[in-house]
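Student: Here it is, the structure in full.
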Amino acid sequence: MSANCGLFFKAYHIDARITLLFLHGGGAAGWMWQPVVERLSEFHCLVPDLPEHGGSMQIKPFSMELAANKAAELIREQAHGGKAVVIGLSEGAQVAVQMLATCPEVMEKAIISSALLLPMPGAKMYSSRGLISGLFKMSVPPFRNSDWWIKLNMKYAAGIPDAFYPQFKEGFQEMTESQFVNLMVANQTFRMPEGIENAKVPALILCGSHEYKAMKDSAQALATKLSGSQVYQINLGKGSSLASEHNWAMTAPQAFADTIRNWLSGQPLPEELSGLV
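Take the sequence shown: its letters are residues -13 to 263, numbered as in the numbering used here.
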């Protein structure tokens, strides 16, 4: 369904007392949260497609500010009491960080998993719209109907399980050049927003043990800005990878759901979480 703010969203367990808002990663859509949401039946769950994604493709161009504003509007319209626990992963985590700076009043708490806030190696290349357009032309249009290429990207770049191949393939085939460029530029140029230190929102900050140093440093930097926040690293054990830990909502949904449930209720966090070093 579509909210007045224009975002397409799905709502689950509507009669539950506490509202959770889930913000997906770049290039995916709300479907990526299905394995987590189905394990959290005691919570009212709002799962939108962010601007220029899925059912919200018509809301563009994507930017962190636009996504944060639309997510806040959705909370005001649909969340119980006009507030929600905001849970973001990857690009969705960056949106949650933007919300902490611009609309913290709609947030009860925040869970922020892998929010990039510092330059990655080669970041200048990824801030050039021309270079990213060239990358799109080489890596997407020639392979729109190539199952092996799409599956390769899905598994090794995105860490998405095989069961979600239909949804991932549809998103890949429908991706436009402007969407690709907007998402990449927004993701790679996003930095700590001004005023975030004024947010009095309890936050759980997470990052995978295999992730790049810039991602781990981003988690620590965010923790220093948010008083009373907690920061942990995700370790999925032997055979895990950067992709599987980055997208652990899909590769380890029970651990992700238990993390949400236990943190909100003050219980010990799952064994997959440890201090970030």
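All C-beta atoms in this analysis are idealised placements derived from N, C-alpha and C, irrespective of residue type, glycine included. Keep in mind that this is a model prediction, so the values were computed, not measured.
Residue range of the alpha helix (DSSP H) that K137 falls in?
Tutor: Stepping through the sequence shown from its first residue, residue 137 is reached at position 151. That run of the alpha helix (DSSP H) goes 133 to 138.
Student: Between S260 and N221, which are expected to be in contact by the criterion C-beta below 8 Å, what is the C-beta distance as a whole number of angstroms?
Tutor: Here residue 260 is taken as the residue at index 274 of the sequence shown, counted from 1. Here residue 221 is taken as the residue at index 235 of the sequence shown, counted from 1. Indeed, because the Cβ distance is near 6 Å, the residues count as touching under 8 Å.
Student: In three-state DSSP terms, what is L222?
Tutor: Translated into positions along the sequence shown, residue 222 becomes position 236. The answer is coil: DSSP assigns L222 none of H, G, I, E or B.
Student: Does DSSP put M43 in a helix, in a strand, or in coil?
Tutor: As a first step, residue 43 is located in the sequence shown; it is residue number 57 there, counting from the start. Correct three-state label for M43: coil.
Student: Can you check whether the CB of L32 is closer than 8 Å to the CB of A70?
Tutor: Taking the first residue of the sequence shown as position 1, residue 70 is located at position 84. Taking the first residue of the sequence shown as position 1, residue 32 is located at position 46. Yes, the Cβ-Cβ distance between A70 and L32 is below 8 Å.
Student: For A229 and V92, what's the separation of their Cα atoms in angstroms?
Tutor: Translated into positions along the sequence shown, residue 229 becomes position 243. Translated into positions along the sequence shown, residue 92 becomes position 106. A229 and V92: Cα-Cα distance of roughly 31 Å.
Student: Using the DSSP secondary-structure output, state which residues sit across from I98 in a beta bridge.
Tutor: Mapped onto the sequence shown, residue 98 falls at position 112. According to DSSP, which records beta bridges pairwise, I98 is partnered with G74, I191.
Student: Apart from the five residues just before and just after K177, which ones in its own chain have a Cβ nearer than 8 Å to its Cβ?
Tutor: Stepping through the sequence shown from its first residue, residue 177 is reached at position 191. A small fix is needed here, since residue 177 is Arg in this sequence, not Lys. Same-chain partners within the cutoff: L103, L104.
Student: For G116, report the span of its alpha helix (DSSP H) as first-last.
Tutor: As a working note, residue 116 is residue 130 in the sequence shown. 115 to 125 is the extent of the alpha helix (DSSP H) around G116.
Student: If we ignore side chains and look at the alpha-carbon of each, how far apart do A15 and M85 end up?
Tutor: Here residue 15 refers to the residue found at position 29 when the sequence shown is read from its first residue. Here residue 85 refers to the residue found at position 99 when the sequence shown is read from its first residue. Taking the straight line joining both Cα atoms gives about 19 Å.
Student: Go ahead and pull the three-state DSSP assignment for K(-4).
Tutor: Taking the first residue of the sequence shown as position 1, residue -4 is located at position 10. If DSSP states are grouped into helix, strand and coil, K(-4) belongs with the strands.
Student: According to DSSP, which residues form a beta bridge with T5?
Tutor: The residue labelled residue 5 in the question sits at position 19 within the sequence shown. According to DSSP, which records beta bridges pairwise, T5 is partnered with H30.
Student: What did DSSP end up calling L103 once you bin it into helix, strand or coil?
Tutor: If you number the sequence shown from 1, residue 103 lands on position 117. Of the three classes helix, strand and coil, the one that applies to L103 here is coil, per DSSP.
Student: Nearest to K186 by alpha carbon, out of P127, K224, R62, C89?
Tutor: The count along the sequence shown starts at 1 and reaches residue 186 at position 200. Nearest C-alpha to K186: C89.
Student: Locate the alpha helix (DSSP H) running through G11, then write down its first and last residues.
Tutor: What you label residue 11 is simply residue 25 of the sequence shown in a count that begins at 1. Careful: G11 lies outside any alpha helix (DSSP H) and carries neither H nor E.
Student: Rounding to the nearest angstrom, what Cα-Cα distance links H(-1) and G181 in this structure?
Tutor: Counted from its first residue, the sequence shown places residue -1 at position 13. Counted from its first residue, the sequence shown places residue 181 at position 195. When rounded, the distance between both Cα atoms is 34 Å.
Student: Let's test the definition: count the other Cβ atoms within 10 Å of the Cβ of S99 and tell me whether it reaches 16, buried, or not, exposed.
Tutor: Here residue 99 refers to the residue found at position 113 when the sequence shown is read from its first residue. S99 is buried by the Cβ-count criterion.
Student: Mind checking G194: buried by the 16 CB within 10 Å criterion, or exposed?
Tutor: Start at 1 with the first residue of the sequence shown, and residue 194 comes out as number 208. Under this definition G194 is a buried residue.
Student: Based on Cα-Cα distance, which residue from D133, E231, S164 lies nearest to M201?
Tutor: Here residue 201 refers to the residue found at position 215 of the sequence shown. Of D133, E231, S164, the residue nearest in Cα terms is E231.
Student: Would you tell me roughly how many angstroms separate the C-alpha atoms of R130 and F158, rounded to the nearest one?
Tutor: Looking up residue 130 in the sequence shown gives position 144. Looking up residue 158 in the sequence shown gives position 172. Spanning the two alpha carbons is a distance of roughly 7 Å.
Student: Tell me, please, whether the region 140 to 159 touches the region 242 to 259 by the rule of three or more beta-carbon pairs shorter than 8 Å.
Tutor: The answer is no - the region 242 to 259 does not touch the region 140 to 159, with fewer than three Cβ pairs under 8 Å.
Student: Quick one: using the 10 Å Cβ neighbour count with 16 as the cut-off for buried, is D148 buried or exposed?
Tutor: Residue 148 sits at position 162 when you count from the first residue of the sequence shown. Counting Cβ neighbours within 10 Å, D148 comes out exposed, since fewer than 16 surround it.
Student: Write down the C-beta distance between P21 and M236 rounded to the nearest angstrom, noting that I regard them as a contact closer than 8 Å.
Tutor: One-based indexing of the sequence shown puts residue 21 at position 35. One-based indexing of the sequence shown puts residue 236 at position 250. Indeed they touch by this definition, with Cβ atoms about 6 Å apart.
Student: Taking only the alpha-carbon atoms, compute the straight-line gap between H66 and A(-3) and give it to the nearest angstrom.
Tutor: Here residue 66 refers to the residue found at position 80 of the sequence shown. Here residue -3 refers to the residue found at position 11 of the sequence shown. Approximately 12 Å between the Cα atoms of the pair.
Student: What would DSSP say about L60, mapped onto helix, strand or coil?
Tutor: Position 74 of the sequence shown holds residue 60. L60 falls in the helix class under three-state DSSP.
Student: Comparing alpha-carbon positions, which option in G(-8), L75, N55 lies nearest M43?
Tutor: Taking the first residue of the sequence shown as 1, we reach residue 43 at position 57. M43 has its Cα closest to that of G(-8), out of G(-8), L75, N55.
Student: Just curious, the alpha helix (DSSP H) that S164 is in, first and last residue?
Tutor: For the purposes of this step, residue 164 is identified with residue 178 of the sequence shown, where counting begins at 1. That run of the alpha helix (DSSP H) goes 163 to 175.
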